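Engineer: Before anything else, here's the structure in question.
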Amino acid sequence: MLNRKLKSTSGFSLTEVMIGIMILTVAIVSASNLLVSMVQTNRLNVQSLQAYFLAQEGIEAVRNIRDTNWLHNLDFRGGGGVYAELEENRYYSVFLDENGWRNSGAVENVSSPVQLSTMKPWTFNELPYVPYNQSFGLMKDEFGGYIADAGSSDDPVFYRYIQVLDACENDSVLDASLIGDECDDFLLIRSVVEWKDGSRDRKVALEAVLSNWKGGAL
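With the sequence shown counted from 1, adding 1118 to any position gets you the numbering used here.
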């Protein structure tokens, strides 16, 4: 009989295989978690940037409303039927009026002030503040901008409201002792944008002092 020599071959033991699988699993899970975290962070950054610009738009809208009140020979707070009157400790919704923007190019055809008031670019209404109220939800329009569309079946991404406050009540905003009896000529405008990030509530708030620097109607 021929003697056969058995050759020993090197290989992986079960323990080594299990350790290799564990290392590979940890690497895959870590990479997946990092990718998910990066996607979530990027989404939050985009939403925060959008919310900031929407809040800034709210401030500019109220400033434009103040100027429009002057052009209609009204007090800077309004109240003459063009826009809702700016009153302290009240909440307002503000959003682009699509019809106003579309008709803004036809100003030369206006024959009366009443007709001009229908071409205002903003819709500005007083409202009781209710978190995530549909009446101040912002929807995307066909051009990618945000407008209010309470009749849409989709849930709004952002909710914006304007809060009007007494500027002289906050010394960090305005020093009432330096203004004296002219506090009525200043309003603190706070533009707040809220949205849901999963189960978390997010908010961006900007403030600006609105003044009656013209001293009254034109």
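Heads up, the beta-carbon is just placed ideally off N, CA and C, and yes, glycines get one too.
As the structure is a prediction and not an experimental result, all values here were calculated from the model.
1) Within 8 Å, do at least three Cβ pairs link the segment 1144 to 1164 to the segment 1174 to 1181?
2) Where do the ends of the beta strand (DSSP E) carrying W1240 lie?
3) Are the beta-carbon atoms of L1328 and S1309 separated by less than 8 Å?
4) With distances taken Cα to Cα, identify the nearest neighbour of Y1170 among N1187, W1313, D1302 and D1215.
5) Hey, out of N1207, N1191 and F1276, whose CA is closest to V1322's CA?
6) Determine the direct distance from the alpha carbon of L1167 to that of V1135, and round the result to whole angstroms.
7) Taking just the CA atoms, how far does G1255 sit from F1213?
8) When DSSP builds the beta bridges, which residues end up paired with Q1281?
9) Can you have a look at D1215 and say buried or exposed, based on whether 16 or more other CB atoms are within 10 angstroms of its CB?
10) Please report the straight-line C-alpha distance between A1268 and N1151, rounded to a whole angstrom.
11) Which residue comes first and which comes last in the beta strand (DSSP E) that contains I1325?
12) So, with DSSP's three-state summary, where would you put D1215?
13) What is the DSSP secondary structure of F1276, counted as helix, strand or coil?
14) Which residue wins for smallest C-alpha separation from N1207, given the options N1163, L1306 and W1331?
15) Distance check for S1317 and S1271, CA to CA, integer angstroms please.
16) Helix, strand or coil: which one does DSSP assign to L1256?
17) Return the CA-CA distance between D1303 and R1195, expressed in angstroms with no decimal places.
18) Checking the sheet assignment: what are the DSSP bridge partners for D1315?
19) Below 8 Å on the Cβ atoms is my contact criterion, and I expect Y1210 with V1282 to pass it. Report the Cβ-Cβ distance as a whole number of Å.
Structural biologist: Well, looking at it:
1) No: fewer than three Cβ pairs fall under 8 Å.
2) Here residue 1240 is taken as the residue at index 122 of the sequence shown, counted from 1. Bounds of the beta strand (DSSP E) holding W1240 are W1240 to L1245.
3) Reading the sequence shown from its first residue, position 210 is the one you call residue 1328. Reading the sequence shown from its first residue, position 191 is the one you call residue 1309. Against a cut-off of 8 Å, the Cβ pair of S1309 and L1328 comes out as no contact.
4) Here residue 1170 refers to the residue found at position 52 of the sequence shown. Cα-wise, what sits closest to Y1170 is W1313.
5) Your numbering for residue 1322 matches position 204 in the sequence shown. Taking only the C-alpha atoms, the option nearest V1322 is F1276.
6) In the sequence shown, counting from the first residue as 1, residue 1135 sits at position 17. In the sequence shown, counting from the first residue as 1, residue 1167 sits at position 49. In a straight line, the C-alpha of V1135 is about 48 Å away from that of L1167.
7) If you number the sequence shown from 1, residue 1213 lands on position 95. If you number the sequence shown from 1, residue 1255 lands on position 137. Straight-line measurement puts the Cα of G1255 at about 9 Å from the Cα of F1213.
8) Within the sequence shown, numbered from 1, the residue matching residue 1281 stands at position 163. Q1281 is bridged to Y1209 and R1308.
9) Taking the first residue of the sequence shown as 1, we reach residue 1215 at position 97. Buried, since its Cβ has 16 or more Cβ neighbours within 10 Å.
10) The count along the sequence shown starts at 1 and reaches residue 1268 at position 150. The count along the sequence shown starts at 1 and reaches residue 1151 at position 33. In this predicted model, A1268 has a pLDDT of only 47, less than 50, meaning its place in the structure is not dependable; the value taken from the coordinates is given anyway. A direct Cα-to-Cα measurement between A1268 and N1151 gives close to 37 Å.
11) Numbered from 1 along the sequence shown, position 207 holds the residue referred to as residue 1325. One detail in the question is off: residue 1325 reads as Glu in this sequence, not Ile. Where E1325 is concerned, the enclosing beta strand (DSSP E) stretches over R1318 to S1329.
12) Along the sequence shown, read from residue 1 onward, the residue named residue 1215 stands at position 97. D1215: coil per DSSP, three-state reduction.
13) Your numbering for residue 1276 matches position 158 in the sequence shown. The three-state secondary structure of F1276, taken from DSSP, is strand.
14) Within the sequence shown, residue 1207 is the residue found at index 89, counting from 1. Out of N1163, L1306 and W1331, L1306 has the C-alpha closest to the C-alpha of N1207.
15) Numbered from 1 along the sequence shown, position 153 holds the residue referred to as residue 1271. Numbered from 1 along the sequence shown, position 199 holds the residue referred to as residue 1317. Because S1271 sits at a pLDDT of 46, beneath the cut-off of 50, its placement in the model cannot be relied upon, and the point is left open.
16) For this step, residue 1256 is matched to residue 138 along the sequence shown. L1256 carries a strand assignment under DSSP once its states are collapsed to helix, strand and coil.
17) Along the sequence shown, read from residue 1 onward, the residue named residue 1303 stands at position 185. Along the sequence shown, read from residue 1 onward, the residue named residue 1195 stands at position 77. Linking D1303 to R1195 through their CA atoms gives a straight-line distance of about 9 Å.
18) Translated into the one-based positions of the sequence shown, residue 1315 becomes position 197. Beta-bridge pairing links D1315 to R1318.
19) For the purposes of this step, residue 1210 is taken as the residue at position 92 of the sequence shown. For the purposes of this step, residue 1282 is taken as the residue at position 164 of the sequence shown. The pair is a contact, with the Cβ atoms about 7 Å apart (cut-off 8 Å).
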